[in-house]
Amino acid sequence: MAATPVSLLQVIGFLTAWAGCWLPIAIPLFVARGESKTLAAQKLPLLASLYLLAPIVLWKVSQITNRIFLDYGLVWNFAILRSLGVGLAIAILSLAILFAIQTILGWVNWQKISLQQIMSVVLPTFVLALWVSATEELIFRGFMLTQMQQDYPLWIAAVISSGIFAVLHLVWEQRETVPQLPGLWLMGMVLVLARVIDSGSLGLAWGLHSGWVWAIASIDTTQILTYTQKVPDWVTGKYAKPLAGILGILLLLATAGILLVMGNW
């Protein structure tokens, strides 16, 4: 029987340590809020505790594996900020085109809300999106992808890390997440491509990830957009989630095409 590759064991070890550190915090938080509270109300403190722990646990694991965060593509310089900006621009533009097409076709309606309401959501959501996306990129496109490339070709490492990235989203809303799993896996693959195009830096992937999370979360929170149900939800996205529909998949494929063009410049 073939032995499990060391890199996969390292990934499993990190996930186990991360969960082991988080559960003693998460369980009391969940219990303290009571059974009457929805997961949406609990999600922010649970997410905050989870993502605050991640870099600490990863730092300790990196000491064991003789790595530094620079090896994972996280380097604080002007280049990563420039790539972050490019990624944000591509993500926001791609979603703007997606919703513009749906608006023209009459598939969505826009609600009128005040500028104050928009700003009260958009600004904090932007900060949260940057933080969450930076943490996830460091873990999945940074640590996991880098470690697994010790034992696997890049494409296999990308497939596995993207699969883990997709499945772990089930920690939150399972019913809404299951239809998004193929889209989440493809998103992970596109973000791997972004890191490759960006010469190993996480900047471009971070920007894309942040832009998508920021825009979708802002739309969900403000409820500025509603679907007209003129087409099946497998087209626009089941449960109003773009990644659970064919249009979201096409958006990701178009983004991959843009990245490949950028890589040839």
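Take the sequence shown: its position 151, counted from the start at 1, is 178 in our numbering, and no numbers get skipped.
Glycine is no exception: its CB is placed at the ideal position from the N, C-alpha and C atoms.
Source: prediction; values computed, not measured.
Original post:
CA-CA distance, A185 and S141?
Top reply: In the sequence shown, counting from the first residue as 1, residue 185 sits at position 158. In the sequence shown, counting from the first residue as 1, residue 141 sits at position 114. The straight-line gap from Cα to Cα measures roughly 42 Å.
Original post:
For L252, does the three-state DSSP call read helix, strand or coil?
Top reply: For the purposes of this step, residue 252 is identified with residue 225 of the sequence shown, where counting begins at 1. It is a strand residue.
Subject >> Buried or exposed by the 16-neighbour rule on C-beta atoms within 10 Å, applied to A242 >> reply: Looking up residue 242 in the sequence shown gives position 215. Under this definition A242 is a buried residue.
**OP:** Quick one: measure Cβ to Cβ for T282 and V217, integer angstroms, because I've assumed they're closer than 8 Å.
**Re:** What you label residue 282 is simply residue 255 of the sequence shown in a count that begins at 1. What you label residue 217 is simply residue 190 of the sequence shown in a count that begins at 1. Indeed they touch by this definition, with Cβ atoms about 6 Å apart.
**OP:** Between the Cα of A7 and those of V159, Q256, P55, S121, spot the shortest distance and give me the residue it belongs to.
**Re:** Outside the modelled stretch of the chain, which goes from 28 to 292, sits residue 7, for which no answer is possible.
**OP:** With a 10 Å radius around its C-beta and 16 neighbouring C-beta atoms as the bar for buried, classify T130 as buried or exposed.
**Re:** Here residue 130 is taken as the residue at index 103 of the sequence shown, counted from 1. When all chains shown are included, T130 counts as exposed.
Subject >> Length-filtered (4 minimum) alpha helix (DSSP H) runs lying within the region 176 to 229 >> reply: 181 to 194, 201 to 204, 208 to 224
Original post:
In terms of DSSP beta bridges, what is V240 paired with?
Top reply: Here the question's residue 240 lines up with position 213 in the sequence shown. Note: V240 sits in no beta bridge, so no partner.
Subject >> Residues of its chain near R109, where Cβ-Cβ distance is below 8 Å and the 5 sequence neighbours each way are ignored >> reply: In the sequence shown, counting from the first residue as 1, residue 109 sits at position 82. Result list for R109: G230, in chain order.
**OP:** Could you tell me the boundaries of the beta strand (DSSP E) in which W158 lies?
**Re:** Along the sequence shown, read from residue 1 onward, the residue named residue 158 stands at position 131. Careful: W158 lies outside any beta strand (DSSP E), inside the alpha helix (DSSP H) at 142 to 163.
Original post:
Buried or exposed: P224, going by 16 or more other Cβ atoms within 10 Å of its Cβ?
Top reply: Residue mapping note: residue 224 aligns to position 197 of the sequence shown, counting from 1. Reading off the sequence, residue 224 comes out as Ile, not Pro. Result: buried.
Original post:
Are three or more beta carbon pairs between the region 233 to 253 and the region 174 to 188 nearer than 8 Å?
Top reply: no
Original post:
Between which two residues does the beta strand (DSSP E) carrying V135 extend?
Top reply: Position 108 of the sequence shown, counted from the first residue, corresponds to residue 135. Residues 135 to 137.
**OP:** Pair every Cβ in the region 188 to 198 with every Cβ in the region 264 to 274, then say whether three or more of these pairs are closer than 8 Å.
**Re:** no
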